[in-house]
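Numbering (our numbering), first residue to last: 28 to 447.
C-beta: ideal position from N, C-alpha, C; glycine also.
All values derive from a computational prediction rather than experimental measurement.
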Ligand SMILES: [Zn+2]
């Protein structure tokens with residue numbers, strides 16, 4: 028391990044008990060609190076700093092990241108996904124009955140999900156600072172595909188993946204194509220998570236799993252940096268984020284908070300976390316006023332595999348994100364999630380996987396509950412590409428599947444005559 032070049036990081040702080048540690052003291056969660064004690068990476072107070080310029084990549088604001096100089100080869104160009112602005116989405120805003128809406132499309136990352144941000148940050152930190160070569164993770168699918176892709180992009184990094192046997196085929200295909208070692212676990216995500224933790228202890232692999240690895244938040248917060256910059260440093264009133272383990276909403280919160288503390292933005296958006304009704308541990312904890320250590324596992328089952336989590340691993344950061352921004356958690360049915368896929372696609376040109384479309388369904392629910400006002404600006408964060416789970420997407424359009432048409436103009440005329 029060599030921490031030279033990371034002097035802008037002053038330590039780690041437990042989200043639950045507030046204990047501080049040096050960067051070299053622990054790789055994972057708070058030793059005192061155990062797994063629930065997720066750690067924040069703390070940076071030196073440099074409030075005079077201005078936003079860095081250059082290509083829009085994950086690494087652009089590197090003084091606010093656990094990166095030494097330039098990132099390792101293979102990862103340097105990643106980042107900079109499109110933000111579809113308010114002007115282009117006026118019809119969607121009308122349909123949703125909100126003032127203005129914009130979309131950050133993180134389905135266009137390297138492996139098609141926002142998880143590339145976390146995996147790139149972890150792989151870079153592992154190789155550049157820790158001198159580790161084998162990196163393992165448990166995942167519902169996207170984090171694994173992201174780790175596999177980032178390891179494949181870097182010479183000398185190897186990915187070991189623990190994924191539930193029920194993971195969508197396209198995600199497993201990505202992992203295998205990228206050359207990762209894949210362990211398909213006979214069990215759910217929570218089982219895979221615990222097995223990965225044990226295996227890392229036994230075999231000395233570096234564990235990228237969400238929640239326990241503080242560098243995942245550092246990666247995920249870069250989406251907030253990009254959003255702020257793409258909106259000319261004017262953050263919206265509300266950001267809607269789908270939530271499984273809670274790591275993305277925790278990262279969005281930390282990113283927005285850091286920009287606010289630096290004075291680069293003048294408000295903190297309210298964060299609305301959206302969970303599937305079949306995997307709603309954080310909604311339940313929020314409604315009942317529970318703290319993260321008080322939460323117990325819930326059974327989890329939803330079509331939105333990426334946000335299926337019985338005991339969200341980044342629960343402390345997720346609850347903090349919503350409570351500190353005066354936000355909310357909402358739950359949405361699987362039917363509402365599936366219906367949101369074509370609605371989003373047809374109004375914006377963005378094809379989202381179920382977990383990502385859940386954020387749009389969640390915005391509709393939040394609007395119904397009066398959690399978002401009709402004159403507000405809202406950003407919907409799209410976290411994963413629809414091509415990752417074509418089977419679920421097809422369910423939403425199966426009734427529209429076209430019949431096979433003879434190759435004649437008369438036949439086309441007959442078909443077109445039925446279009447309204
Ligand atoms: Zn602690």
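- Contact residues of ligand 1 (beta-carbon closer than 6 Å to any heavy atom; chain order) are 41, 43, 44, 46, 57, 59, 60 and 64.
- In chain order, 43 and 63 place their CB closer than 7 Å to the CB of residue 320, counting only its own chain and leaving out the 5 sequence neighbours on each side.
- Taking the Cβ atoms as the reference, residue 37 lies roughly 7 Å from residue 70, within the contact range of under 8 Å.
- In this structure residue 288 is exposed. Its beta-carbon is surrounded by fewer than 16 other beta-carbon atoms within 10 angstroms.
- The beta carbon of residue 189 is closer than 6 Å to those of 165, 210, 212, 219, 222 and 223 in its chain, skipping five residues each way along the sequence.
- In this structure, residue 244 lies near residue 344, with their beta-carbon atoms less than 8 Å apart.
- In the structure shown, residue 189 adopts extended strand secondary structure according to DSSP, grouped into three states.
- Beta-bridge partners of residue 38 (DSSP): 69.
- As summarised for the segment 145 to 207, the continuous alpha helix (DSSP H) elements at least 4 residues long and confined to that stretch are 169 to 180 and 196 to 204, given in chain order.
- DSSP, reduced to helix, strand and coil, places residue 47 within a strand of the structure shown.
- Residue state for residue 77 is assigned as coil, using DSSP reduced to three classes.
- Taking all protein chains shown into account, residue 121 has fewer than 16 neighbouring C-beta atoms within 10 Å of its C-beta and is therefore exposed.
- DSSP places residue 132 in the strand class (E or B) of the three-state scheme.
- Buried is the label assigned to residue 280, since at least 16 other Cβ atoms lie within 10 Å of its Cβ.
- Per the coordinates, the alpha-carbon of residue 338 lies some 31 Å from the alpha-carbon of residue 102.
- By the neighbour-count definition (other C-beta atoms within 10 Å, threshold 16), residue 368 is a buried residue.
- The bridge partners DSSP lists for residue 408 are 131.
- Per DSSP, the beta-bridge partners of residue 298 are 266.
- Judged by DSSP in its simplified three-state form, residue 222 adopts helix.
- Within the model, the alpha-carbon separation for residue 136 versus residue 236 is close to 19 Å.
- Remark: C-beta atoms of residue 329 and residue 361 approach each other more closely than 8 Å.
- Residue 294 sits exposed, since fewer than 16 C-beta atoms from the chains shown fall within 10 Å of its C-beta.
- Every beta strand (DSSP E) of 3 residues or more that sits fully in the segment 297 to 370 is shown, in chain order, as 297 to 303 and 355 to 359.
- Nearest Cα to residue 83 within the set 306, 302, 276 and 106: 106.
- Between residue 113 and residue 226, the alpha-carbon positions lie close to 47 Å from each other.
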